[in-house]
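Numbering (our numbering), first residue to last: 5 to 110.
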């Protein structure tokens with residue numbers, strides 16, 4: 005996802021918090037079976053290096069899990085958390101995303 009409008013559309017829909025990030029999700033209901041994903045980290049996460057590291061980790065977790073565990077036709081936004089997203093063990097990030105995806109699924 006690239007447009008601010010797409011991020012804002014997910015803002016008021018389903019959400020699930022985990023220790024490492026917040027997952028927001030919405031069903032587009034447009035007939036397109038693709039899964040769209042967006043990543044964001046505010047300046048609370050740290051400087052540009054810290055934010056980019058956190059987003060890279062979120063991007064890799066999503067790449068590994070969303071094809072199998074994501075819903076077709078849904079948008080997902082992963083929002084990084086301060087001090088946790090970049091430093092949390094990668095296996096725990098994977099389990100956090102699996103948990104969040106099961107909670108936001110219908």
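Where a beta carbon is used, it is the ideal one built from N, C-alpha and C, also for glycine.
I think residue i touches residue j, with their Cβ atoms under 8 Å apart; what is that distance to the nearest whole Å?
| i | j | result |
| --- | --- | --- |
| residue 32 | residue 77 | 6 Å |
| residue 69 | residue 102 | 6 Å |
| residue 98 | residue 65 | 6 Å |
| residue 45 | residue 21 | Going by Cβ atoms, the distance from residue 45 to residue 21 rounds to 15 Å, so no, they are not a contact pair. |
| residue 13 | residue 108 | At roughly 15 Å, the Cβ-Cβ gap does not stay under 8 Å, so residue 13 and residue 108 are not in contact. |
Does DSSP put residue i in a helix, a strand or coil?
| i | result |
| --- | --- |
| residue 29 | strand |
Does the Cβ of residue i have 16 or more other Cβ atoms within 10 Å, making it buried, or fewer, making it exposed?
| i | result |
| --- | --- |
| residue 38 | exposed |
| residue 90 | buried |
| residue 34 | exposed |
Taking a contact to mean a Cβ-Cβ separation below 7 Å, would you say residue i touches residue j in this structure?
| i | j | result |
| --- | --- | --- |
| residue 82 | residue 43 | yes |
| residue 40 | residue 79 | yes |
| residue 92 | residue 24 | yes |
Uninterrupted beta strand (DSSP E) stretches inside the region 38-104 (no shorter than 3 residues): Here the runs fully enclosed are 40-44, 78-84.
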